[in-house]
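J.: The numbering used here numbers the first residue of the sequence shown as 213 and each following residue consecutively.
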Amino acid sequence: HAFEAKVCDWRRGIEQARRYRLWADTATVVLAQVSTRSRDSVLAEAERLGLGLGVQNRWIRSPRRYEHSNARRLLASELAVAALTAK
């Protein structure tokens, strides 16, 4: 499971969580705040993309699970190791 946390830029949070879903079975964006005006848009976008959503200390929506091929899982693990060992 991948989490992306943002203070208030929900669009960037959603976009990053969407990218995480390319290699993670599930992804969630956690926002410190959402304006009343943006709340419906945030929820609709998370639902459309199958992302989990948390706002402050409240779980709003559970993520949809995606099964990835073994090749994708291997690639993701290799990229993670490369990022951790890069100098």
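Even for Gly, the Cβ is constructed at its ideal location relative to N, Cα and C.
1) Helix, strand or coil for W271 per DSSP?
2) Can you check which of these residues, I226, Y278, R285, L291, is closest to A256 by C-alpha distance?
3) Would you kindly check if the distance between the Cβ of D237 and the Cβ of Y278 is under 7 Å?
4) Which residues does DSSP pair with T240 in a beta bridge?
5) Could you tell me which of V267, V293, A258, R284 sits nearest to R276, measuring between CA atoms?
6) Tell me the rounded alpha-carbon separation between V254 and R285.
T.: Taking the definition as stated:
1) strand
2) I226
3) yes
4) Answer is F215, G264.
5) A258
6) 28 Å
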